[in-house]
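Chemist: Okay, handing you the structure first.
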Amino acid sequence: YNLETEKDPVVIVISTTGTGDPPDTARKFVKKIQDKTLPPDHFAHLQYGLLGLGDSEYMFFCNGGRTVDRRLQELGAQHFYDTGLADDCVGLELVVDPWIDGLWLALKEALQLQKEKEGMKSAVDAVSNSLSTAPHAVHELKLSSEVQNLKLEDEGARASVILSQKDDINLVAPARDTEPSLVHSVPPVSQSALNIPALPPEYIEVEFQDTQGENPHLSSLIPEGTTFEVPVTKAVQLTREDAIKTALLLELDVADTAFEYQPGDAFCVICPNKVSEVEELLDILGLSEKGDDFVCVKVKQGTKKKGASRPQHIPERSTLKFILSWCLEIRAIPKKAFLRALVECTSDAGEKRRLQELCSRQGASDYTRFIRDSNVCLLDLLHAFPSCKPSLSLLIEHLPKLQARSYSVSSSNLYQPGRLWFVFNVVEFPAGPSRPVSRKGVCTGWLAALVAPLLHPSKNSLDTKRESSSTEKISIFPRPNNAFHLPADPSVPFIMVGPGTGISPFIGFLQHRQKLREQHTDWEFGETWLFFGCRHQDRDYLFKQLQCFLENGTLTHLKVCFSRDSSAAEVAPPKYVQDVLRLCAKEVARVLLKESGYLYVCGDKKHMADDVSDAIVDIISMEMEADKLEAMKILAMLREAKRYLQDVWT
Numbered sequence: 017y018n019l020e021t022e023k024d025p026v027v028i029v030i031s032t033t034g035t036g037d038p039p040d041t042a043r044k045f046v047k048k049i050q051d052k053t054l055p056p057d058h059f060a061h062l063q064y065g066l067l068g069l070g071d072s073e074y075m076f077f078c079n080g081g082r083t084v085d086r087r088l089q090e091l092g093a094q095h096f097y098d099t100g101l102a103d104d105c106v107g108l109e110l111v112v113d114p115w116i117d118g119l120w121l122a123l124k125e126a127l128q129l130q131k132e133k134e135g136m137k138s139a140v141d142a143v144s145n146s147l148s149t150a151p152h153a154v155h156e157l158k159l160s161s162e163v164q165n166l167k168l169e170d171e172g173a174r175a176s177v178i179l180s181q182k183d184d185i186n187l188v189a190p191a192r193d194t195e196p197s198l199v200h201s202v203p204p205v206s207q208s209a210l211n212i213p214a215l216p217p218e219y220i221e222v223e224f225q226d227t228q229g230e231n232p233h234l235s236s237l238i239p240e241g242t243t244f245e246v247p248v249t250k251a252v253q254l255t256r257e258d259a260i261k262t263a264l265l266l267e268l269d270v271a272d273t274a275f276e277y278q279p280g281d282a283f284c285v286i287c288p289n290k291v292s293e294v295e296e297l298l299d300i301l302g303l304s305e306k307g308d309d310f311v312c313v314k315v316k317q318g319t320k321k322k323g324a325s326r327p328q329h330i331p332e333r334s335t336l337k338f339i340l341s342w343c344l345e346i347r348a349i350p351k352k353a354f355l356r357a358l359v360e361c362t363s364d365a366g367e368k369r370r371l372q373e374l375c376s377r378q379g380a381s382d383y384t385r386f387i388r389d390s391n392v393c394l395l396d397l398l399h400a401f402p403s404c405k406p407s408l409s410l411l412i413e414h415l416p417k418l419q420a421r422s423y424s425v426s427s428s429n430l431y432q433p434g435r436l437w438f439v440f441n442v443v444e445f446p447a448g449p450s451r452p453v454s455r456k457g458v459c460t461g462w463l464a465a466l467v468a469p470l471l472h473p474s475k476n477s478l479d480t481k482r483e484s485s486s487t488e489k490i491s492i493f494p495r496p497n498n499a500f501h502l503p504a505d506p507s508v509p510f511i512m513v514g515p516g517t518g519i520s521p522f523i524g525f526l527q528h529r530q531k532l533r534e535q536h537t538d539w540e541f542g543e544t545w546l547f548f549g550c551r552h553q554d555r556d557y558l559f560k561q562l563q564c565f566l567e568n569g570t571l572t573h574l575k576v577c578f579s580r581d582s583s584a585a586e587v588a589p590p591k592y593v594q595d596v597l598r599l600c601a602k603e604v605a606r607v608l609l610k611e612s613g614y615l616y617v618c619g620d621k622k623h624m625a626d627d628v629s630d631a632i633v634d635i636i637s638m639e640m641e642a643d644k645l646e647a648m649k650i651l652a653m654l655r656e657a658k659r660y661l662q663d664v665w666t
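Going left to right, the sequence shown walks through residues 17 to 666 as the numbering used here numbers them.
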């Protein structure tokens, strides 16, 4: 596909990853159009419409789409349709659905205008030819308004269909239930005609086979690069049993592999779905006896889906359990297109109507409240709507790939060669109205169960010399972080902000710095600051060994706060890391602005990183006697210079 010669209107859909970067599949294209030698009319022939996908929880919202849009404009391209920016924080469909609705008319008009221009050009050419050649028959010019490239009556192009409320279907809750729920609706939704998405065409076929064999190796599921199967040599519970969250530290033996990392890097763990949930799903599908049978997955003959192909994350041949365990994200929040497909698998009229409502435009707020915000998954839906019996092929078509989970490295290979540490909280999803059972995170729950025999609760002992006889292994692959590393110049000072498990990469930073200080006594080392916070000093102070780094000079300043501990002091101590930063405003400003230091932030974005960013803006404003806008510009410059760095999650 070549945009440099494309004459027809182009539709671009692009997401944002990392710190505002385009996705991997678009990086080559973005790099190409960023070429400064391209003339300003390079894309003057191009008409395009762009839909950017992002999450406003992150700093660089839709930056991938904005970057491409801005550069195409600079190179002379023209919009045939306004740019849309969809926000996953509030629901992509709030922008995506109306944007797609308007796209078809915009495409039709753009193609029609293009055809008329071509007709006019033909007319001019005809007149020119008649003046330069012998007399001949008069050309009859017809400017057709027919658009060949777009047929709105095609099944795949219809945005929605209208469904009227049936007299015999009533999902209005009983008089005592005046509030809607996952399975009940109330007016006006229950009495509305519905705009629901078009039914996605089926395109996958699953055949059960009598033959036996072996499942694919897990490495075949990861196109990103080399995977490594490594043993877990240690597991330590860093929090007390009565802590609100359970934090675990795991040690992996990577000595016999080619796995390389730097402090600040991340890596991914390949994890399976929970065994009991896979078995439960097989039971609902009526396939309990066939879990170990091999199946062949291929494209359905005669499918109406254009360009249909077997999903890359689904092996052509494997057991049914392998697909449900390692390939499909069965915990994924169902998209509206999936709900629309489930409607056709539901026999009860009332349940069918409610599923229609949940995927309709009129039921958008119900979808957000009872499915998206409630973190409802396929199993929850199948329990809530028992007459819904989807096929295996439908699950393969609509459930996304089971993604490997990313974790920050908590160690330094210089400090303990051949070992890798990482720290995580065991994620808990409590039961609720839309989800009758509590669950643990897919990967954190699996890891916690895997290492249970190794755990030594509340010992907080990180003796790296003790070896374990564990034979448990996990599959991992590297995910280098090109920015979140120690300053290349060891004399440059830096500040680390990491409450809770956000401290994880900074343990690796400090281990690395300690070894460098031991090996290079003649080097000059800049001062180091660590701001750490947790709920309770005696329950979830994850690394009390921080005091050792302070005593041996690796860490210059350690500032700790506890958000849930009570205090008898007249002046209450600060509760959060952003509060402690403000108390150290002069020193923070000195390190960042006068000494060209670095500031690293790691942890929860929504409940911490944004507040830290606000605190830094306030500090800059106060110490430089600048207004808030100027302070925000300075912070933006620090980000641009890669001196204010974040490793955050939601």
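Positions of the beta carbon are idealized from the N, C-alpha and C atoms, including for glycine. Treat the numbers as computed from the prediction; the structure is a model and nothing was measured.
1. Put residue 116 into one of helix, strand or coil per three-state DSSP.
2. State the Cα-Cα distance for the pair residue 304 and residue 111, rounded to the nearest angstrom.
3. Starting from residue 665, follow the beta strand (DSSP E) in both directions and report where the run begins and ends.
4. Where does the unbroken alpha helix (DSSP H) through residue 374 begin, and where does it stop?
5. Who pairs with residue 263 in a beta bridge, going by DSSP?
6. Going by DSSP, name the residue or residues bridged to residue 344.
7. Under 7 Å between the Cβ atoms of residue 347 and residue 442?
8. Might you give, ordered along the chain, the residues of its own chain that have their beta carbon closer than 6 Å to the beta carbon of residue 506, omitting 5 neighbours on each side?
9. Under a three-way DSSP split, which group does residue 287 fall into?
10. Using the Cα positions of residue 579 and residue 256, report the straight-line distance between them to the nearest angstrom.
11. With a Cβ-Cβ cutoff of 7 Å, do residue 455 and residue 440 count as a contact?
12. Express the C-alpha separation of residue 598 and residue 479 in angstroms, rounding to a whole number.
13. Considering just the uninterrupted stretch of the alpha helix (DSSP H) at residue 10, what are its terminal residues?
14. Within the region 38-94, note down every full alpha helix (DSSP H) run reaching 4 residues or more, in order along the chain.
15. Identify, in the order they occur along the chain, each residue of the same chain with its Cβ nearer than 6 Å to the Cβ of residue 364, setting aside the five sequence neighbours on each side.
16. Name the one or two DSSP bridge partners that residue 102 has.
17. Suppose contacts are defined by Cβ-Cβ distances below 7 Å. Is residue 198 in contact with residue 386 by that definition?
18. Within the continuous beta strand (DSSP E) that includes residue 334, where are the two ends?
19. Ordered along the chain, which non-local residues of its own chain (more than five positions away) have a Cβ less than 8 Å from that of residue 30?
20. Looking at the strands, I want to know which residues DSSP matches up with residue 669.
21. By Cβ distance, which residues of its chain are closer than 6 Å to residue 462, with the 5 residues on each side in sequence left out?
22. Inspect the CB distances between the region 393-401 and the region 323-339 and report whether three or more fall short of 8 Å.
23. Just to confirm the assignment, what range does the beta strand (DSSP E) spanning residue 545 have?
24. Look at the alpha carbon of residue 429 and the alpha carbon of residue 235, and state the distance between them as a whole number of angstroms.
25. Thinking just about the alpha-carbon of each residue, which of 99, 651, 577, 612 is nearest to the one in residue 626?
26. Can you confirm whether the region 241-259 touches the region 341-360 when touching is taken to mean that 3 or more C-beta pairs between the two stretches lie within less than 8 Å?
27. Looking at the unbroken alpha helix (DSSP H) that takes in residue 636, where does it start and where does it end?
28. If contact is defined by three or more beta carbon pairs under 8 Å, each pair taking one atom from either stretch, is the region 269-277 in contact with the region 373-388?
Modeler: In brief:
1. For residue 116, the secondary structure class from DSSP, reduced to helix, strand or coil, is helix.
2. Residue 304 and residue 111: Cα-Cα distance of roughly 41 Å.
3. Where residue 665 is concerned, the enclosing beta strand (DSSP E) stretches over 660-665.
4. For residue 374, the enclosing alpha helix (DSSP H) has its first and last residue at 365-375.
5. Paired residue(s): 441.
6. Answer by DSSP bridge pairing, in chain order: 417.
7. Contact flag unset, no.
8. These residues qualify, in order along the chain: 539, 541.
9. In the structure shown, residue 287 sits in coil (DSSP, three-state: anything other than H, G, I, E or B).
10. Those two C-alpha atoms are separated by around 16 Å.
11. No; because the gap between Cβ atoms is not below 7 Å, this pair is not in contact.
12. With a pLDDT of only 49 at residue 479, under 50, the local geometry of the prediction cannot be trusted, and no value is derived from it.
13. Only positions 17 to 666 of the chain appear in the structure, and residue 10 is not among them; the question remains open.
14. Complete alpha helix (DSSP H) runs here, min 4: 40-49, 79-90.
15. The answer, listed in chain order, is 403.
16. Under the DSSP definition of a beta bridge, residue 102 partners with 69.
17. Yes.
18. Element bounds for residue 334: 333-335.
19. Taken in chain order, the residues that qualify are 38, 39, 42, 66, 67, 68, 69, 80, 81, 84.
20. The structure shown does not extend to residue 669, since the chain is modelled only from 17 through 666, so no value can be given for it.
21. Within the same chain, residue 462 has close Cβ partners 287.
22. Counting Cβ pairs under 8 Å, fewer than three are found: no touch.
23. Taken as a continuous stretch (DSSP letters only), the beta strand (DSSP E) holding residue 545 covers 544-550.
24. For residue 429 and residue 235, the distance between alpha carbons rounds to 24 Å.
25. Measuring C-alpha to C-alpha distances from residue 626 to each of 99, 651, 577, 612 identifies 651 as the nearest.
26. Pairwise C-beta distances place the region 341-360 out of contact with the region 241-259, as fewer than three of them are shorter than 8 Å.
27. Per DSSP, residue 636 is one residue of the alpha helix (DSSP H) stretching across 626-639.
28. The region 373-388, when compared against the region 269-277, does not touch it at the 8 Å Cβ threshold.
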